[in-house]
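Read the structure below first, then the notes.
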Amino acid sequence: MATIFSRIIAGEIPSYKVAEDDNFFAFLDINPLIKGHTLVVPKKEVDYLFDIDDALLEKMMVFSKRTAKAIEKVVKCQRVGLTVIGLEVPHAHIHLIPIITGMQDMNFANPKLKLTKEEFEEIALAINKAWR
Ligand code: AMP
419 MATIFSRIIA GEIPSYKVAE DDNFFAFLDI NPLIKGHTLV VPKKEVDYLF DIDDALLEKM
479 MVFSKRTAKA IEKVVKCQRV GLTVIGLEVP HAHIHLIPII TGMQDMNFAN PKLKLTKEEF
539 EEIALAINKA WR
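Numbering (the numbering used here), first residue to last: 419 to 550.
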């Protein structure tokens, strides 16, 4: 059975898309720690990030870099942090999280933000414009 992220990539489940190329798809995390919290996912379904083959993993980091640079242009932050957890969804993904106040912004034990559909749409569109 396809993972929820494969279904998002296929357009079967809605998402706030930020960027896409032949190999990767980036969209806003639905439970963001910070506005602009984005997930980068390979289109190829692999559960564990460190099982991704070297060539694709290199490309994933470059795609994440481009996406982080776009996030920086939209969200006023010190820098964009990158983390990998992967315990919830068995489809490898990188979290890109704008760091505004300090490292505590990357703490997954923090309460998640509740954003409106309009807020998600506005952020996704702005990051997408900055990405292109
Ligand atoms: P983890 O696998 O622990 O890295 O966490 C998975 C992340 O995916 C969590 O931050 C969720 O909020 C996020 N997530 C799960 N389902 C969706 C979805 N349908 N759209 C956007 N983000 C999601």
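Glycine residues also receive a C-beta, built at the ideal position from the N, C-alpha and C atoms. Since the structure is predicted, the reported quantities are computational estimates derived from the model, not experimental observations.
Looking at residue 453 and residue 541, is the spacing between their C-beta atoms short of 8 angstroms? Counting from 1 along the sequence shown, the entry for residue 541 is found at position 123. Counting from 1 along the sequence shown, the entry for residue 453 is found at position 35. Cβ distance < 8 angstroms, so residue 541 and residue 453 count as in contact.
On the criterion of 16 or more Cβ atoms from any shown chain inside 10 Å, does residue 501 qualify as buried, or is it exposed? Position 83 of the sequence shown, counting from 1, holds the residue named residue 501. Answer is exposed; the Cβ neighbour count stays below 16.
With a CB to CB cut of under 7 angstroms and the five nearest residues on each side skipped, what residues in its chain are close to residue 460? For the purposes of this step, residue 460 is taken as the residue at position 42 of the sequence shown. Here the set comprises 441, 442, 470, 474, 478 and 510.
Between which residues of its own chain and residue 490 is the CB-CB distance below 7 angstroms, once the five residues before and five after are set aside? If you number the sequence shown from 1, residue 490 lands on position 72. Hits under 7 angstroms: 498.
With distances taken from each beta carbon to the nearest heavy atom of the ligand AMP, which residues come in below 5 angstroms, in chain order? 447, 448, 449, 503, 504, 505, 506 and 507
Would you kindly check if the distance between the Cβ of residue 492 and the Cβ of residue 548 is under 8 angstroms? By one-based count along the sequence shown, residue 548 stands at place 130. By one-based count along the sequence shown, residue 492 stands at place 74. Yes, the pair counts as a contact, with Cβ atoms nearer than the cut-off.
Distance between residue 518 and residue 429 (C-alpha atoms, nearest Å): Translated into the one-based positions of the sequence shown, residue 429 becomes position 11. Translated into the one-based positions of the sequence shown, residue 518 becomes position 100. Computed Cα separation, rounded: 32 angstroms.
Per the DSSP calculation, residue 513 is bridged to which residue(s)? Mapped onto the sequence shown, residue 513 falls at position 95. Note: residue 513 sits in a beta bridge opposite 457 and 501.
Helix or strand or just coil, what does DSSP make of residue 428? Here residue 428 corresponds to residue number 10 of the sequence shown, with the count starting at 1. It is coil, neither helix nor strand.
As a quick exercise: from 425, 432, 486 and 450, pick the residue whose alpha carbon is nearest that of residue 462. Stepping through the sequence shown from its first residue, residue 462 is reached at position 44. Ranking 425, 432, 486 and 450 by Cα distance to residue 462 puts 425 first.
Check each candidate in 464, 483 and 488 and name the one with the smallest Cα separation from residue 546. Sequence index remark: in the sequence shown, residue 546 carries index 128 (1-based). Of the candidates 464, 483 and 488, the one whose C-alpha sits nearest the C-alpha of residue 546 is 488.
Determine, using beta carbons only, whether residue 457 and residue 482 come nearer to each other than 8 angstroms. Here residue 457 is taken as the residue at index 39 of the sequence shown, counted from 1. Here residue 482 is taken as the residue at index 64 of the sequence shown, counted from 1. Contact flag unset, no.
Kindly indicate the opening and closing residues of the alpha helix (DSSP H) around residue 535. Within the sequence shown, residue 535 is the residue found at index 117, counting from 1. Element bounds for residue 535: 535-549.
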